[in-house]
Every structure is written in C-alpha cells, then in structure tokens.
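Mapping of the sequence shown onto mature numbering (1 follows the signal peptide of the UniProt record, and there is no 0): residues -20 to -1, 1 to 212, in sequence order.
We treat Cβ as the ideally placed atom computed from N, Cα and C, and that holds for glycine.
Quantities reported herein were computed from a predicted structural model and do not represent experimental measurements.
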Amino acid sequence: MKKATLFLALIFAVLSNTYAQSKLIPSNLDIGNALKQALEQGTGKSSDKLSTVDGFFKDAEVKILFPPEAQKAEKTLRSLGLNQLCDNVILSLNRAAESAAKEAKPIFIDAIKQMTLQDVSNILLGKQDAATEYFKRTTTVQLSAKFKPVVQVNLDQAGATKYYTAAATSFNKVPFVKKINPDISDYVTQKAIDGLFLQIAKEELNIRQNLSARTTPLMKTVFSFAEKFKKQ
C-alpha cells in the first residue's frame, strides 16, 4: 500500500506541474480516472470487435474450432464426405461466441468501478498484461455465468446444437472409436472468454507501447510517467 501511495503522490506532483499553466490541479481521483479511461477503452474495443459478425469466425487467433477431443471426429467425418456438416458446426460455434461477447461490457465496467488505489498501482507498474490479469481474476466467474445462457440460446438458434449433436452422433456410430460428448455449450463459453481476454491483452499492450493509443491527455501523462517510474 505504501508503494501505491508513493506512486500516486509522485504522479500528483508531476501532473500538478504539467497542468499548472492551465490552472488545472488534478487530484488522485484524476490519476485513477486516467487508468479507468484506458481500461474502458481497451475492454470496450475488445468487446465491440468480437461481438460483430465474424468477430470470432474470421480472426484466426480466437476462431473456435472443434474441441480437441472431437478433432479426430471432425477428420473422420470429413473423410466420409461430411464437410458441410463440420463447416456448419464451426460457423455456429463462432456465431454463438460473437453474440455472447455483447454481454461483456457491463461486467468490465463494474470491475473497473471496484478498483482500489492498490489495483491502480499494480496495473500501472505491473507487467504488460497486468490489467488483463486483473480482469481475469475479477470477472471470469461473472462472464461465465452471463455468457453460458447466451451461448446456449445462440447455439440452439444458429443450429450449432443440432449440427454438433449430429456430428457427434455420426462419429459415435463409427466402429471402435472413442465416443465424444455431444454437449458443446461449456466449451464455447470458455473459448469465448479466452478469446475476449486475448483481445484485451492486445489492446492493453497497444496502450502501454503506443502513445497514439492513449486517447486523452490524462492517459498520455499518467502512462508516460509510469514508464519513467518503472525504469528508476
């Protein structure tokens, strides 16, 4: 806690000097707000990107494929001429994840509001993915609870439940193969969350490394100072 207090005090001194000419003397609250602006920007852009049509499906880093235990089944089904069935499964899984991603913003905003001064210090002075790790700790349970029913509804509406069940059933009929579980919702929910955190990590790194990604004067000042402070 002492480190966080010292860090905020130092930033306050720098910011006070920076804004003296304009007669704006920011408080410690302004410092916290700079980080919150960055986090809202990063999580908002991530949620918006992945919740669009093809947000998951056309991004190779987050695209959801057959579960690992079912990839052998996919290969077998494709060898049997069932390519369209397999393609329908993959498209439907990604459409469900895209719909679920729309539910993420309020959860992240609530986590940002709950941040303490220690959290602010840990993130600004922490590793390149410190903010992403903070969100993993504070939002994963809520994201899972919120995503799962949305995923299930969309899997049903998009036909993924039907397609995947059909694929699993077809594969399970092949002699001497290890049977696969036809329930896909838990897998898609987790992959949707993993994809979201991957995108947030990219946005966080961009803000940390690129001055142009810091879209407010306060963000520019605070992050620049944090960089210098970490080098001392």
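- Collapsing the DSSP output to three states places I89 in a helix.
- By the C-beta criterion, the region 46 to 64 is judged not to be in contact with the region 101 to 118, since fewer than 3 inter-stretch pairs fall below 8 Å.
- Taking 9 Å as the cut-off, the beta carbon of G35 is found no closer than this to the beta carbon of A76.
- T23 is a Cβ neighbour of I89, given a cutoff of 9 Å.
- Per the Cβ contact rule, the region 141 to 157 is not in contact with the region 175 to 188 (fewer than 3 Cβ pairs under 8 Å).
- Secondary structure at M95: coil, using DSSP grouped into helix, strand and coil.
- DSSP places L176 in the uninterrupted alpha helix (DSSP H) bounded by 165 to 189.
- The alpha-carbon of S79 is positioned some 34 Å away from that of L105.
- Annotated three-state conformation of I103 is helix, per DSSP.
- Nearest to K182 by alpha-carbon distance, out of A14, N68, S26, Q17, is S26.
- With a beta-carbon spacing of about 21 Å, I87 and L135 fall beyond the 8 Å limit used to define contacts.
- Around the Cβ of G12, a 10 Å sphere holds 16 or more other Cβ atoms; the residue is buried.
- Looking at the backbone, the Cα of F46 and that of S204 are separated by about 43 Å.
- Secondary structure note for L71: its alpha helix (DSSP H) is the uninterrupted segment 63 to 81.
- The alpha-carbon separation between R194 and L15 amounts to approximately 10 Å.
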